[in-house]
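Position 243, counted from 1, in the sequence shown is what the numbering used here calls 274; the numbers after and before it change by one each time, with no gaps. We put the CB at the ideal spot given by N, CA and C, even for glycine. Read the structure below first, then the notes.
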Amino acid sequence: MRRFFDLLIPIEVLSPQTLQTIRELNFSGVGASLGVRPLSTNLAGSLENLKKAKSAGEAEGLDVVSRIMIDEVLSEGALRALLRKFRKRVEVFSVHALDRRLTALACRDSRVDVITLLPGSRLFKGDLVYIYEYSKGVELLMAPVQVGSPLSRAKALAYYSRTVELLQRKGLAASLIFSSGAASSKALRDPRSMASLLSLMGLTYDAALDAVSVNVERLVAECRDRLSGVVPVRGVRIVERGGDGGR
């Protein structure tokens, strides 16, 4: 049975009522996401809100994934500083592809788990090599095709279709993650409706379902393994031997 995840919902949106709605929509997990602004203006409060969201989610039977998302343009030094400070404090660390310099750094730094593409973002050949090598997720958001003018939504759909075609051509379809990025509970949709929308962009319906379920679950599991030390670096797993004292 599939377990559905919406990996990007801002922490400000995740009230107990919203968490209940997410569960009623048949999601098993949600990414409680902290952006740059709350981190910079109220660090202690933001981290405390993550803990509260975890507890409230557990009460609803939801797997709440702690996440930091770099959703503003930063210098390379500032991004590296945030990675050093927070990478081991949250389960998923993502970067919005807002400019070329930031995108290139996020792709080649193994500590970044997810690259979030927005309409107009570009991935180059080297970026795709690093995404494959480090098993990163490539995330598209539903929000740009929900809000804005009809023209902007049409442009977002066209961009997403080109991105899906690129990922399939490069053998990276399993890296694709589709999240809501919902700014309010009213913008939430059930996972099968999200998959139906994504299937309009060139994926089979099953592959679109993967983008809201198994692709996300696999990435989250690997991130948690890295935090626990089971996977010290991507692609390397520590296996304990039993019964012979490790010899």
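Verify whether the separation of the beta carbon atoms of residue i and residue j is less than 8 Å.
i	j	result
residue 216	residue 52	yes
residue 213	residue 219	yes
residue 167	residue 144	yes
residue 61	residue 96	yes
residue 33	residue 244	yes
residue 169	residue 114	no
residue 128	residue 149	yes
residue 162	residue 206	yes
residue 50	residue 93	yes
residue 176	residue 189	no
Using alpha carbons as the reference points, say which of the options lies closest to residue i.
i	options	result
residue 197	79, 159, 211	159
residue 108	121, 87, 132	132
residue 121	134, 150, 80, 190	80
residue 239	222, 253, 257	222
residue 195	224, 230, 210, 176	230
residue 84	176, 48, 125	48
residue 141	186, 124, 147, 155	124
residue 44	88, 152, 201, 139	88
residue 86	165, 46, 70	46
residue 154	138, 165, 249	138
residue 156	242, 200, 106	200
residue 147	126, 136, 130, 165	126
I'd like the list of long-range same chain contacts for residue i, defined as Cβ closer than 7 Å, with 5 residues on each side in sequence excluded.
i	result
residue 64	39, 40, 41, 42, 98, 100
residue 66	41, 100, 102
residue 57	35, 221, 222
residue 255	122
residue 271	In this prediction, residue 271 has a pLDDT of 49, which is less than 50 and means its spatial position is unreliable; nothing more can be read from the coordinates.
residue 278	For residue 278, the pLDDT reaches just 35, beneath the cut-off of 50, and the residue's location in the model is therefore unreliable, although a value from the coordinates is still provided. Around residue 278: no qualifying Cβ.
With a threshold of 6 Å on Cβ separation, who are the neighbours of residue i within its own chain once the five nearest residues in sequence on each side are excluded?
i	result
residue 274	A caution first: residue 274 carries a pLDDT of 45, below 50, which makes its placement in the model too unreliable to give a value.
residue 247	36, 38, 208
residue 191	171, 232
residue 174	212
residue 90	none
residue 117	99
residue 276	For residue 276, the predicted structure reports a pLDDT of 43, less than 50, and the residue's modelled location is therefore unreliable. The matter cannot be settled from this model.
residue 251	96
residue 134	128
residue 152	128
residue 69	77
residue 253	none
What does DSSP give as the partner residues of residue i in its beta bridges?
i	result
residue 63	40, 97
residue 74	Paired residues: none, contrary to the question.
residue 168	145
Who are the Cβ neighbours of residue i in its own chain at under 8 Å, not counting the five residues just before and after it?
i	result
residue 236	226, 227, 230
residue 258	119, 122
*For the segment 91–137, list the beta strand (DSSP E) runs that are entirely contained and at least 3 residues long, ordered along the chain.*
Taking only runs of at least 3 residues, the beta strand (DSSP E) segments lying wholly in the segment 91–137 are 94–101, 123–127.
*asked:* If we require 4 or more residues per run, which alpha helix (DSSP H) segments fall completely within the segment 201–266?
replied: Here the runs fully enclosed are 222–230, 236–241, 245–259.
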